[in-house]
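Chains W and B, in that order, give the protein sequences.
Quick note: the first sequence uses numbering that gives the first Met the number 0, first residue 0, plus one each step.
Quick note: the second sequence uses numbering that gives the first Met the number 0, first residue 0, plus one each step.
Step one of this worksheet: look at the structure below.
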Amino acid sequence: MERKRGRAFLVVAISASVLLVLCLCSVGVGSRQVNVDQVVRALSDGAASGIDIDSIRLRVPRTLLGIVIGAALATAGALMQAVTRNPLADPTILGLNSGAACAIVVSMAVFGLTTPSQYVWVGLLGGTLGAAIVWCVGSLGRGGPSPLKLTLAGAVVGSMFSSITTAVLLPRIEMMSTYRFWAVGGLSGARFSTLLPILPIVIAGFVCAVAVLPGLNALSLGDDVAVGLGSSPRRTQLVAWVGAILLCGASTSLAGPIGFVGLVVPHVARILVGADYKRIVAMGCLLGPILLLGADVLGRFLTRPADVEVGIVTAVIGAPVFVGLVRMAAKGKAE
Amino acid sequence: MTSTMLSARNVTIGYGEFPVLHALDCDIPRGSMGSIIGANGCGKSTFLKALARLLPVHQGAVLLEGRAIGTLPTKQVARTLGILPQSPLVPEGITVEGLVSRGRYPHHGMFGGWTSQDDAAVTEALSLTHMSELASSQVDELSGGQRQRAWIALSLAQQTDVLLLDEPTTYLDMTYQLEVLDLLADLNAKKGTTIVMVLHDINLATRYSDWILAMRDGRRLAMGKPAEIITESLIRDVFGMESRVVLDPESQTPTVMPLATHSLRSRREPKGQDFQEFGGGTL
Numbered sequence: 000m001e002r003k004r005g006r007a008f009l010v011v012a013i014s015a016s017v018l019l020v021l022c023l024c025s026v027g028v029g030s031r032q033v034n035v036d037q038v039v040r041a042l043s044d045g046a047a048s049g050i051d052i053d054s055i056r057l058r059v060p061r062t063l064l065g066i067v068i069g070a071a072l073a074t075a076g077a078l079m080q081a082v083t084r085n086p087l088a089d090p091t092i093l094g095l096n097s098g099a100a101c102a103i104v105v106s107m108a109v110f111g112l113t114t115p116s117q118y119v120w121v122g123l124l125g126g127t128l129g130a131a132i133v134w135c136v137g138s139l140g141r142g143g144p145s146p147l148k149l150t151l152a153g154a155v156v157g158s159m160f161s162s163i164t165t166a167v168l169l170p171r172i173e174m175m176s177t178y179r180f181w182a183v184g185g186l187s188g189a190r191f192s193t194l195l196p197i198l199p200i201v202i203a204g205f206v207c208a209v210a211v212l213p214g215l216n217a218l219s220l221g222d223d224v225a226v227g228l229g230s231s232p233r234r235t236q237l238v239a240w241v242g243a244i245l246l247c248g249a250s251t252s253l254a255g256p257i258g259f260v261g262l263v264v265p266h267v268a269r270i271l272v273g274a275d276y277k278r279i280v281a282m283g284c285l286l287g288p289i290l291l292l293g294a295d296v297l298g299r300f301l302t303r304p305a306d307v308e309v310g311i312v313t314a315v316i317g318a319p320v321f322v323g324l325v326r327m328a329a330k331g332k333a334e
Numbered sequence: 000m001t002s003t004m005l006s007a008r009n010v011t012i013g014y015g016e017f018p019v020l021h022a023l024d025c026d027i028p029r030g031s032m033g034s035i036i037g038a039n040g041c042g043k044s045t046f047l048k049a050l051a052r053l054l055p056v057h058q059g060a061v062l063l064e065g066r067a068i069g070t071l072p073t074k075q076v077a078r079t080l081g082i083l084p085q086s087p088l089v090p091e092g093i094t095v096e097g098l099v100s101r102g103r104y105p106h107h108g109m110f111g112g113w114t115s116q117d118d119a120a121v122t123e124a125l126s127l128t129h130m131s132e133l134a135s136s137q138v139d140e141l142s143g144g145q146r147q148r149a150w151i152a153l154s155l156a157q158q159t160d161v162l163l164l165d166e167p168t169t170y171l172d173m174t175y176q177l178e179v180l181d182l183l184a185d186l187n188a189k190k191g192t193t194i195v196m197v198l199h200d201i202n203l204a205t206r207y208s209d210w211i212l213a214m215r216d217g218r219r220l221a222m223g224k225p226a227e228i229i230t231e232s233l234i235r236d237v238f239g240m241e242s243r244v245v246l247d248p249e250s251q252t253p254t255v256m257p258l259a260t261h262s263l264r265s266r267r268e269p270k271g272q273d274f275q276e277f278g279g280g281t282l
């Protein structure tokens, strides 16, 4: 037991250091090459200026956004997987991404929205609406929301929204090209001015998540055990769902639909720190940003001076890492 | 000592002519260990769930120490009454210790941290169930008996005065069945925990119970000490089966011997001349 705690501590310490290094890389690496003391100067000396310094400062919100969204998506993924008891659940199952996409496309077509700062609120609204519909449909019938019903409702509502999105986009070629940049998902649009108003939503989402973690631990033993332990499965599910909506909605509105992080990070965290959701989420808040910033830095580094959006890179580098970890865990189990 | 820990008053679940539970009354004495028996589908698991407030009752009430269980805060109930349902879920990657520590849930506030009291409760639960050695093993790698002990340890860590168990011996070999029941009997004797089980095996029920509640079609047929209520006619009423009830020489409790059925008898018919080889018998 002591050895286990020691191991968990080591895992956290290593992850935190990796994240720190990635933050520095994220601020330092980009299409414009800078050196280390310029980075230090840009961050410590408010009066310093110059093109290099300015471009470094532009990368600060991008880095922060990566941290916030990485943590938010990882947490939301863990909440989703717990509520639906489905290891493959991710924000897509919420109906959130498809709802946000649909709302953005419809508002582009109807109201002529064109700027990312407008997408933020429309996306948030659409995403929330999508997730609320999934919850309502999944709660129909006897016994309220069950994991299976929620998953099915998510799939059905998701494809409904996707159809609408496609139907609106197809005849509008010029809109398609604007939309596809949003649809890829990325951090390049990060500005403090868009990040700040969304921050309270993210914080509210994390509060929901933290409050509901003990309940999720109880819920994971089955509804009967959870009630026996004095937990309320229905309330746990609802609060977790709301938390996931807030976290994903905020992320999607800021950076577009970024897949894979929410799906994979909770699993990696579980392999590293065990089945306790408190630990999974805490670990996820380190691993999510690591994956996202790592992908973002790599995208900038590999194709310099161009910029590959993080939505593309996460899966490309994340998938092999995930497969490797699962194989390692399976091996460790067999021995 | 004979005060009532848990009682059901006119408990009815379901509607119409054939409700799942029909006007059930029973008083479970504090510090006793008892079993609910009955044929498949007689409502015994449903009744256990109703006692543990896992199912809402449509009429009547369940009283925990005299107070209606539905009106008490559920977390407060969970500090007095624990239930181990029939097939709980095992979370992926959970260790025995991790599982057992979840029994401490009702003792925590919303943001309450882990205390040394929690540690002590988990350690005690592990040692009572002889699971200390396996504390850091993965639950899904345990044998059936070990896994059942891990779940019981979770219930023990909850530190309740009442423990309800739905068929705690199902899927276990004979040895493990006895091990689990011995463990519960120990707990009952040493800590005075009131234990209520749904048991399939009537002979184990008579061995380990202070009282037995026999049910059929959602109704109470009889309740009392095994030696007083277990008769051939009760077994006929409960299971629709002819039997002989004899005294178990080992435990001095009633034991039910089903009568040989027609097919059993025909298998024992002499096929050839060596009838004697089968011991003859009084066919």
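No residue lacks a Cβ here, since even glycine has one placed at the ideal position from N, Cα and C.
Residue i to residue j span [Cα, whole Å]
i         : j         : result
Glu16(B)  : Asp216(B) : 11 Å
Asp247(B) : Thr73(B)  : 42 Å
Met175(W) : Leu169(W) : 8 Å
Val237(B) : Ala130(W) : 50 Å
Leu88(B)  : Pro86(W)  : 14 Å
Leu286(W) : Ala75(W)  : 13 Å
Trp181(W) : Ala254(W) : 8 Å
Pro265(W) : Leu291(W) : 14 Å
Met173(B) : Val19(B)  : 31 Å
Gln117(W) : Ser158(W) : 25 Å
Leu245(W) : Gly65(B)  : 44 Å
Ala41(W)  : Glu308(W) : 25 Å
Pro253(B) : Ser31(B)  : 19 Å
Val133(W) : Leu149(W) : 7 Å
Leu54(B)  : Gly142(W) : 11 Å
Glu231(B) : Arg243(B) : 6 Å
Asn9(B)   : Val56(B)  : 10 Å
Pro105(B) : Val61(B)  : 20 Å
Met79(W)  : Asp89(W)  : 6 Å
Contact belief for residue i with residue j at Cβ below 8 Å, rounded distance in angstroms
i         : j         : result
Gln147(B) : Leu171(B) : 6 Å
Ser100(B) : Val76(B)  : Contact flag wrong, Cβ pair sits at about 20 Å.
Ala73(W)  : Ala249(W) : Contact flag wrong, Cβ pair sits at about 13 Å.
Phe259(W) : Gly323(W) : About 15 Å separates the two Cβ atoms, so there is no contact after all.
Val136(W) : Ala154(W) : Actually they do not touch by this definition, with Cβ atoms about 11 Å apart.
Ser48(W)  : Val296(W) : Not really, about 25 Å apart at Cβ, beyond 8 Å.
Val263(W) : Phe321(W) : 5 Å
Gly5(W)   : Pro288(W) : Actually they do not touch by this definition, with Cβ atoms about 24 Å apart.
Ala274(W) : Glu91(B)  : 6 Å
Contacting residues, own chain, Cβ-Cβ under 8 Å from residue i (five flanking each side not counted)
i         : result
Arg219(B) : Leu23, Asp24, Cys25, Leu212 and Ala213
Thr113(W) : Met107 and Thr177
Val179(B) : Gly144, Gln147, Arg148, Ile151, Pro167, Thr168 and Leu171
Val245(B) : Pro253, Thr254 and Met256
Cβ shell of residue i (< 6 Å), same chain only, five flanking positions each side left out
i         : result
Ile257(W) : Gly184 and Gly310
Gly293(W) : Leu21
Glu276(B) : For Glu276(B), the predicted model reports a pLDDT of 48, less than 50, meaning its position is unreliable and no value from the coordinates is stated.
Gln183(B) : Reading the sequence as shown, one finds Leu at residue 183(B) and not Gln. So the list reads Ile194, once near-sequence residues are dropped.
Leu123(W) : Gly248 and Ser252
Val197(B) : Ile35, Lys43, Ser44, Leu47, Asp165 and Glu166
Ala99(W)  : Gly122, Gly125, Gly126 and Thr251
Gln157(B) : Gly81 and Gly102
Other residues of its chain near residue i: CB distance less than 7 Å, five sequence neighbours each side excluded
i         : result
Ala189(W) : Pro60, Arg61 and Leu64
Gly37(B)  : Lys43, Ala213, Met214, Arg215 and Val237
Ser250(B) : Arg206
Gln37(W)  : Asp51, Ile52 and Ile55
Leu186(W) : Arg61, Leu64, Gly65, Ala254, Asp295 and Val309
Thr235(W) : Val211, Gly214, Leu215 and Leu218
Asp306(W) : Ser30, Ser187, Gly298 and Arg299
According to DSSP, residues forming a beta bridge with residue i
i         : result
Thr254(B) : Val245(B)
Thr11(B)  : Gln58(B)
Ile211(B) : Ser34(B) and Gly223(B)
Thr193(B) : Val161(B)
Arg218(B) : Arg215(B)
Thr3(B)   : Pro28(B)
Leu20(B)  : Ile12(B)
Contiguous beta strand (DSSP E) assignments of at least 3 residues, all confined to the stretch 26 to 101 of chain B
32 to 37, 58 to 63 and 80 to 83
Residue ranges of each alpha helix (DSSP H) run of no fewer than 4 residues wholly in the stretch 92 to 174 of chain B, ordered along the chain?
DSSP assignment within the stretch 92 to 174 of chain B yields the following whole alpha helix (DSSP H) runs of 4 residues or more, N-terminal first: 95 to 100, 115 to 127 and 143 to 156.
What residue ranges within the stretch 152 to 199 of chain W form continuous alpha helix (DSSP H) runs of no fewer than 4 residues, ordered along the chain?
172 to 183
Sequence ranges, alpha helix (DSSP H) only - wholly within the stretch 3 to 53 of chain W, length at least 4
35 to 43
In chain order, which alpha helix (DSSP H) runs of at least 4 residues are fully inside the stretch 73 to 134 of chain W?
95 to 110
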